[in-house]
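Visitor: Structure below; questions to follow.
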Amino acid sequence: MASTTCEIVWLRWLHVDMGVFFSRPTPLYYNNKSVIQISHNSVFHERTKHIEIDCHIVRHYYQISTLILPFVSSTIQIADLFTKAHTTSRFRFLFNKLSMLLAAVS
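Note that the sequence shown ends on residue 228 in the working numbering; no numbers are left out.
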């Protein structure tokens with residue numbers, strides 16, 4: 123999440139350099155409610171000590187409204203198409219979400 127935040131910030135700076143300005147924060151969709159809550163909450167707990175540094179950068183850009191962290195359910199997480207094995211019906215569902223055509227293999 124921290125590396126994606128850095129990419130978002132870099133792309134936003136690149137756009138501003140080219141004269142494109144953003145009026146709204148960039149959404150960073152994530153399917154883990156615990157991580158989103160840790161990013162929102164400034165109080166760290168003992169069990170989250172190992173992710174403190176990463177959370178600081180995400181929280182900073184969240185607080186200054188550069189990005190927002192909406193939750194997306196795992197059932198509609200399109201990125202899973204590229205990272206997990208799926209049944210044929212699940213693969214087709216995720217593939218169709220990308221608005222791509224599946225070519226028939228002969």
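Idealized CB from N, CA, C, for every residue including glycine.
Under a three-way DSSP split, which group does residue 151 fall into?
Guide: Walking along the sequence shown from the start, residue 151 turns up at place 29. It is coil, neither helix nor strand.
Visitor: How would you label residue 160, buried or exposed, when you count the other beta carbons within 10 angstroms and need 16 or more for buried?
Guide: Position 38 of the sequence shown, counting from 1, holds the residue named residue 160. Result: buried.
Visitor: Looking at residue 127: is its Cβ nearer than 8 Å to the Cβ of residue 189?
Guide: Along the sequence shown, read from residue 1 onward, the residue named residue 127 stands at position 5. Along the sequence shown, read from residue 1 onward, the residue named residue 189 stands at position 67. A contact, by the Cβ cut-off of 8 Å.
Visitor: Considering residue 126, what are the terminal residues of the alpha helix (DSSP H) in which it resides?
Guide: Here residue 126 refers to the residue found at position 4 when the sequence shown is read from its first residue. Taken as a continuous stretch (DSSP letters only), the alpha helix (DSSP H) holding residue 126 covers 124–139.
Visitor: Report the residue ranges of all alpha helix (DSSP H) runs contained in full by the stretch 195–227; include only those spanning at least 4 residues, in chain order.
Guide: Segments of the alpha helix (DSSP H) lying fully in the stretch 195–227: 202–205, 210–219.
Visitor: Leaving aside the five residues before and after residue 131 along the sequence, list all residues of the same chain whose C-beta is less than 7 Å from its C-beta, in chain order.
Guide: Position 9 of the sequence shown, counted from the start, is the residue given in the question as residue 131. Hits under 7 Å: 183, 188.
Visitor: DSSP state of residue 186, grouped into three classes?
Guide: As a working mapping, residue 186 is identified with position 64 in the sequence shown. Three-state result, residue 186: coil.
Visitor: Taking its Cβ as the centre, do 16 or more other Cβ atoms sit within 10 Å of residue 180, making it buried, or is it exposed?
Guide: By 1-based counting over the sequence shown, the position of residue 180 is 58. So residue 180 counts as buried.
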